[in-house]
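Asks: In this note's numbering, the protein residues as written are 584 to 854.
Ideal placement from N, C-alpha and C gives every residue a C-beta, glycine not left out.
Quick one: this structure, given as structure tokens, is what I'll be asking you about.
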């Protein structure tokens, strides 16, 4: 392989071979959750998403772009030692979006601890149990950002928070929304400690969600699309709520349910 340098305001590294370990590692981080976890790194594509990660204090490791455009000036706030220029062919191989992206960056992961969530005077949280589809989880975070809720808590999450599909579907909201990853037992203790009224979505013996007062400190638990919430939540002494359905099907997509409940909370709190 060749690794060349060219003159800009300072020396910027240029890679012209797909065989360079740096490039191979980017592709690994894109494809393998295990590699992201082991290295504590993840990939972000797109100008908007990279800017949102930087704005929300994610630490950048490396930034990649092609020689086209004015990328060096645009990202001049980033230490130039972290800049790498690649050919258009290499860049397309590195990205999920291909030519739709103009920049790709490697960031360091953050810890998402339950204890780091800020409790306002009147918080509103979503608790998402499971959630196997990264696209759904990303959509939930977009809605959470739009409705300015206090945070999203993921329990027993099989998907990787830094999955490229989740980042892309969230449009960068995964960097703006307060997020915690925790086990059910830890979440339950936290809810009781902070005296947060908790509601569990359920299909049976449930109250219409539009009849609930969400203007108090609130948390809503949502479960898997196929199975709903597990018995850990459904057997607790929490009020069950349901989104009314007037058709022949009895359930909604997880992200749609989260959106309806989030906006109902938003509507009540902003009347």
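If distances are taken between C-alpha atoms only, which option among 714, 685 and 795 comes closest to residue 657?
Replies: Numbered from 1 along the chain shown, position 74 holds the residue referred to as residue 657. Of 714, 685 and 795, the residue nearest in Cα terms is 685.
Asks: In its own chain, which residues sit with a C-beta less than 6 Å from the C-beta of residue 799, not counting the 5 before and 5 after it?
Replies: Residue numbering aside, residue 799 sits at position 216 when the chain shown is read from its first letter. Excluding positions up to five away in sequence, the list reads 780.
Asks: Taking only three categories from DSSP, how would you classify residue 599?
Replies: The residue you call residue 599 lines up with position 16 of the chain shown. Three-state DSSP puts residue 599 in coil, outside helix and strand.
Asks: Give a yes or no on contact between the segment 775-791 and the segment 803-810, applying the rule of three or more CB pairs nearer than 8 Å.
Replies: Segments in contact, yes.
Asks: Apart from the five residues just before and just after residue 759, which ones in its own chain have a Cβ nearer than 7 Å to its Cβ?
Replies: In the chain shown, counting from the first residue as 1, residue 759 sits at position 176. Cβ within range, chain order: 635, 639 and 728.
Asks: Alpha carbon to alpha carbon, how far is residue 816 from residue 847? Give it in angstroms, no decimals.
Replies: Mapped onto the chain shown, residue 847 falls at position 264. Mapped onto the chain shown, residue 816 falls at position 233. Each residue's Cα considered, the two are about 22 Å apart.
Asks: Would you tell me roughly how many angstroms separate the C-alpha atoms of residue 648 and residue 813, rounded to the nearest one?
Replies: In the chain shown, counting from the first residue as 1, residue 648 sits at position 65. In the chain shown, counting from the first residue as 1, residue 813 sits at position 230. The alpha-carbon atoms of residue 648 and residue 813 are separated by roughly 45 Å.
Asks: Residues in the same chain with beta-carbon distance under 8 Å from residue 823, minus the five sequence neighbours each way, listed in chain order, please.
Replies: On the chain shown, residue 823 is found 240 positions in, with the first residue counted as 1. Taken in chain order, the residues that qualify are 782, 783, 784, 785, 787, 788, 789, 790 and 817.
Asks: Pull up the distance between the alpha-carbon of residue 704 and that of residue 769, whole angstroms please.
Replies: What you label residue 704 is simply residue 121 of the chain shown in a count that begins at 1. What you label residue 769 is simply residue 186 of the chain shown in a count that begins at 1. Their backbone Cα atoms lie some 21 Å apart in a straight line.
Asks: Does the segment 705-713 come close enough to the segment 666-673 to have 3 or more Cβ pairs within less than 8 Å?
Replies: No: fewer than three Cβ pairs fall under 8 Å.
Asks: What alpha helix (DSSP H) runs, 4 residues minimum, are completely inside the segment 698-728?
Replies: Runs of the alpha helix (DSSP H) inside the segment 698-728: none found.
Asks: Could you check where the beta strand (DSSP E) with residue 793 kicks off and where it finishes?
Replies: The sequence position of residue 793 within the chain shown is 210, counting from 1. Where residue 793 is concerned, there is no enclosing beta strand (DSSP E), given that its DSSP letter is neither H nor E.
Asks: Quick one: which unbroken beta strand (DSSP E) runs of 3-plus residues sit fully inside the segment 606-689? Chain order, please.
Replies: Listed in chain order, the complete beta strand (DSSP E) runs (minimum 3 residues) inside the segment 606-689 are 624-628, 643-648 and 666-669.
Asks: Candidates 623, 679, 796 and 750: which alpha carbon is nearest residue 850's?
Replies: Reading the chain shown from its first residue, position 267 is the one you call residue 850. Cα-wise, what sits closest to residue 850 is 796.
Asks: Below 8 Å on the Cβ atoms is my guess for residue 631 versus residue 754; work out the distance and round it to an integer in Å.
Replies: Position 48 of the chain shown, counting from 1, holds the residue named residue 631. Position 171 of the chain shown, counting from 1, holds the residue named residue 754. Their Cβ separation, rounded to whole angstroms, is 7 Å, which keeps residue 631 and residue 754 in contact under 8 Å.
Asks: Looking at the unbroken beta strand (DSSP E) that takes in residue 737, where does it start and where does it end?
Replies: Looking up residue 737 in the chain shown gives position 154. Where residue 737 is concerned, the enclosing beta strand (DSSP E) stretches over 734-738.
Asks: What is the C-beta distance between residue 837 and residue 746, in whole angstroms, given that I count them as a contact (C-beta under 8 Å)?
Replies: Your numbering for residue 837 matches position 254 in the chain shown. Your numbering for residue 746 matches position 163 in the chain shown. That belief does not hold up - the Cβ atoms of residue 837 and residue 746 are roughly 16 Å apart, past 8 Å.
Asks: Terminal residues of the continuous beta strand (DSSP E) containing residue 745?
Replies: The residue given as residue 745 occupies position 162 in the chain shown. Where residue 745 is concerned, there is no enclosing beta strand (DSSP E), given that its DSSP letter is neither H nor E.
Asks: For residue 716, does the count of other Cβ atoms within 10 angstroms reach 16, so buried, or fall short, so exposed?
Replies: Locating residue 716 in the chain shown gives position 133, where the first residue counts as 1. Flag for residue 716 reads buried.
Asks: In this structure, how does DSSP classify residue 780 when only helix, strand and coil are distinguished?
Replies: In the chain shown, residue 780 corresponds to position 197, counting from 1. Here residue 780 sits in strand by DSSP.
Asks: According to DSSP, is residue 762 part of a helix, a strand, or is it coil?
Replies: Here residue 762 corresponds to residue number 179 of the chain shown, with the count starting at 1. Correct three-state label for residue 762: strand.
Asks: Ignoring anything shorter than 3 residues, give me the beta strand (DSSP E) runs that lie fully in the segment 811-852, in order along the chain.
Replies: Here the runs fully enclosed are 822-825.
Asks: For residue 620 and residue 757, I'd like the C-alpha separation in whole angstroms.
Replies: Stepping through the chain shown from its first residue, residue 620 is reached at position 37. Stepping through the chain shown from its first residue, residue 757 is reached at position 174. Those two C-alpha atoms are separated by around 17 Å.
Asks: Does the Cβ of residue 628 have 16 or more other Cβ atoms within 10 Å, making it buried, or fewer, making it exposed?
Replies: Along the chain shown, read from residue 1 onward, the residue named residue 628 stands at position 45. It is buried - the Cβ of residue 628 has at least 16 other Cβ atoms within 10 Å.
Asks: What are the boundary residues of the beta strand (DSSP E) that includes residue 802?
Replies: Taking the chain shown and counting its residues from 1, one reaches residue 802 at position 219. Per DSSP, residue 802 belongs to the beta strand (DSSP E) from 801-805.
Asks: Return the CA-CA distance between residue 722 and residue 734, expressed in angstroms with no decimal places.
Replies: Along the chain shown, read from residue 1 onward, the residue named residue 722 stands at position 139. Along the chain shown, read from residue 1 onward, the residue named residue 734 stands at position 151. Going from the Cα of residue 722 to the Cα of residue 734 covers about 14 Å.
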